[in-house]
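Below is one structure, written out as structure tokens, with a few remarks after it.
There are 4 protein chains.
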Amino acid sequence: MGITLKQAQQAVAAAHEKALEMGVKMNIAVVDAGANLVAFIRMDDAWLGSLDISIKKAKTARFFDMPTGAIGGLSQPGGSLFGIEHSNGGLITFPGGIPLKNSEGQVFGAIGVSGDTVENDHAVAEAGVQALAGQ
Amino acid sequence: MGITLKQAQQAVAAAHEKALEMGVKMNIAVVDAGANLVAFIRMDDAWLGSLDISIKKAKTARFFDMPTGAIGGLSQPGGSLFGIEHSNGGLITFPGGIPLKNSEGQVFGAIGVSGDTVENDHAVAEAGVQALAGQ
Amino acid sequence: MGITLKQAQQAVAAAHEKALEMGVKMNIAVVDAGANLVAFIRMDDAWLGSLDISIKKAKTARFFDMPTGAIGGLSQPGGSLFGIEHSNGGLITFPGGIPLKNSEGQVFGAIGVSGDTVENDHAVAEAGVQALAGQ
Amino acid sequence: MGITLKQAQQAVAAAHEKALEMGVKMNIAVVDAGANLVAFIRMDDAWLGSLDISIKKAKTARFFDMPTGAIGGLSQPGGSLFGIEHSNGGLITFPGGIPLKNSEGQVFGAIGVSGDTVENDHAVAEAGVQALAGQ
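Residue numbers (our numbering), protein chains in the order written: chain A, 1 to 135; chain B, 136 to 270; chain C, 271 to 405; chain D, 406 to 540.
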């Protein structure tokens, strides 16, 4: 079953709350199983360049059903997926994108977060993932 | 002053509520004064192709500070702006995009709606505009 | 001989002055014989969407060494160049773009103006052309 | 407050003067807070390929509100932002792009310079920054 707007908004809201708590300014995107945008917000004064990156992180996480950072580990010079970022109109392969799973464990979307360090981006995305855990 | 996320979300929520009331499935996008996305939602089962159209409508309305349909009236064959849609990476010039103004009457963003007839798209966008009236 | 930066800036300055005189807010672009940008200005509060259009008008005028409106007359439905706007990453074929000629009558660049009615766009571009007449 | 055309032209003129002084041929671009072009010049015989690079540097500096070289330090193989250049239609992450701040210390635009060594590109951009200091 595909992610609903209600679920996407729950994930965005939880990530937003986490970002406020951490004092960071984020772009937060959720895509569905087809890797198409379902919900998006840009926090006031968040980096403008992170808009596109947050959406690309969400898409990348769904394209390969794994956290974006895992792909980045394989796309380094000499790695097996070197240059994969050139596909699909541009991938982002550093942390901040995570697949979202439904109650049956199937990937039904993904969340992408960008606006601060990749560690903080990932932490905020993880808050979105947790908000949907068990749904 | 630029549109805030809070204001953008108010506009999106009002448009969403209007769409539910009308029984239509919409993509709803809000951009800021720089024509960059601030908030977006896609309702369940809304046309997938309307995702891009809603964002392009919002951008088009801000690009020229007028409702998208007004541009479409001039871009017909024989019209003074025939073919303007080829600019800016693709414009959408039929109704559904409307500029958003702040309390001082300055355009500080725009809303774009797509998913049904252009009349309904415009009506839903207008609900978003009204939600920010006087702010 | 190619257009120099100095000449391009003269054309831009003359067009700018004309726009101020007329009370219109314009984007003004000058390209060289290779159709590559040499000088550009966007006046305060000029339409954002006209940025790309002004550059595309200048390029289009140089691509075919004629005023953009002349091409638009041929690209209407049923016309001999119908759909030409799809080429070259997007052409703009309504008035506002005019070739620039050197003292020997050779096209050595073009000016593109966008921000108001096509008649006013053309008038402002023409002021840029006149500034270089005989050079 | 957004950067005005007058301010953008001051920054461009100062950078141009610096380039003449240094004997280098530059492309110089200034964007506003929305990362949209406000003023641009290409010096005679400047590298043609640097046209796009100068604009991308200005955009990149505004996208992340930091000098482009700072991003390049993080986007190397093994770095936390490896591959970020694939976002936003192409970033340039080597030196030559610098944010521009208004009198209140807020970023209200950026300047991008390309045409020589990255050290010289940066020096010329810095001259543009200095021209607006305290405005």
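For every residue, glycine included, the Cβ atom is placed at its ideal position computed from N, Cα and C. As the structure is a prediction and not an experimental result, all values here were calculated from the model.
- Every alpha helix (DSSP H) of 4 residues or more that sits fully in the stretch 311–389 of chain C is shown, in chain order, as 320–334 and 338–342.
- For Ala434 of chain D, DSSP records a beta bridge to D:Phe445 and D:Gly517.
- In terms of CA proximity to Phe199 of chain B, B:Asn223 leads the group B:Asn223, B:Leu267, B:Ala148 and B:Gly214.
- Taking the beta carbon of Ser75 of chain A as reference, the chain D residues within 9 Å of it are Phe487 and Gly488, listed in sequence order.
- DSSP places Gln540 of chain D in no alpha helix (DSSP H); its state is neither H nor E.
- Within the same chain, Gly484 come within 8 Å of Gly478 of chain D by CB-CB distance, once the 5 residues on both sides are set aside.
- In this model, Leu267 of chain B and Asn237 of chain B are separated by some 8 Å (Cα to Cα).
- Within 10 angstroms of the beta-carbon of Lys59 of chain A lie 16 or more other beta-carbons, which makes it buried.
- For Val12 of chain A, the three-state secondary structure derived from DSSP is helix.
- If you draw a 10 Å sphere on the C-beta of Gln400 of chain C, you find fewer than 16 other C-beta atoms in it, and that means exposed.
- Nearest CB-CB separation between Gly2 of chain A and chain D: not below the 7 Å threshold.
- Around the CB of His16 of chain A, 16 or more other CB atoms lie within 10 Å, so the residue is classed as buried.
- CA-CA distance, Ser54 of chain A to Ile476 of chain D, rounds to 17 Å.
- Distance from the CA of His122 of chain A to the CA of Met43 of chain A, rounded to the nearest whole angstrom, comes to 16 Å.
- Contact of Val264 of chain B with chain A by beta-carbon distance below 7 Å is absent, the smallest such distance being about 19 Å.
- In this structure, the alpha-carbon of Glu426 of chain D lies about 32 Å from that of Gln376 of chain C.
- Sequence-distant partners of Gln270 of chain B (beyond 5 residues in either direction) whose C-beta falls short of 7 Å from its own C-beta, in its chain, are Gln142, Asn237 and Ser238.
- Among the residues facing chain C, Ile458 of chain D is not included, as its CB has no counterpart in that chain under 7 Å away.
- If the five residues before and after Val31 of chain A are omitted, its C-beta is found closer than 7 Å to the C-beta atoms of Leu37, Val38, Ala58, Lys59, Arg62, Gly109 and Ala110, all from its own chain and listed in chain order.
- Considering only beta carbons, the part of the stretch 304–319 of chain C lying closer than 8 Å to chain D consists of Gly304, Asn306, Leu307, Val308, Ala309, Phe310, Ile311, Arg312, Met313, Asp314 and Leu318, in chain order.
- Annotated as proximal: Lys25 of chain A and Asp45 of chain A, with beta-carbon spacing under 7 Å.
- With a threshold of 16 other beta carbon atoms within 10 Å, His491 of chain D meets it and is buried.
- DSSP, reduced to helix, strand and coil, places Gly428 of chain D outside both helices and strands of the structure shown, so it counts as coil.
- As the crow flies, the alpha-carbon of Lys191 of chain B is around 30 Å from that of Ile446 of chain D.
- Measuring C-alpha to C-alpha distances from Ser114 of chain A to each of D:Ile489, D:Gly502 and D:Gly533 identifies D:Ile489 as the nearest.
- Below the 7 Å Cβ cutoff, chain C contributes no neighbours of Phe229 of chain B, its closest Cβ being approximately 16 Å away.
- Separation of Ala260 of chain B and Ala530 of chain D (C-alpha to C-alpha, rounded to the nearest whole angstrom) is 42 Å.
- The beta carbon of Lys25 of chain A sits no closer than 7 Å to any beta carbon of chain D.
- When 7 Å is used as the limit between beta carbons, Leu140 of chain B is near these residues of chain A: Ile41, Arg42, Met43 and Asp44, in chain order.
- The shortest CA-to-CA distance from Gly232 of chain B to any of B:Pro212, B:Leu216 and B:Ala164 is the one to B:Ala164.
- At a beta-carbon threshold of 7 Å, the residues of chain C lying near Asp200 of chain B are Trp317, ordered along the chain.
- Using a Cβ-Cβ cut-off of 8 Å, Val118 of chain A is close to Ser485 and Leu486 of chain D, given in chain order.
- Taking 7 Å as the cut-off, the Cβ atoms of Val523 of chain D and Pro500 of chain D count as close.
- Burial of Pro202 of chain B is indicated by the presence of at least 16 other C-beta atoms within 10 angstroms of its C-beta.
- The residues Ile28, Val30, Ala39, Ile41 and Gly128, in chain order, have a CB closer than 7 Å to that of Val12 of chain A in the same chain once the five nearest residues on each side in sequence are set aside.
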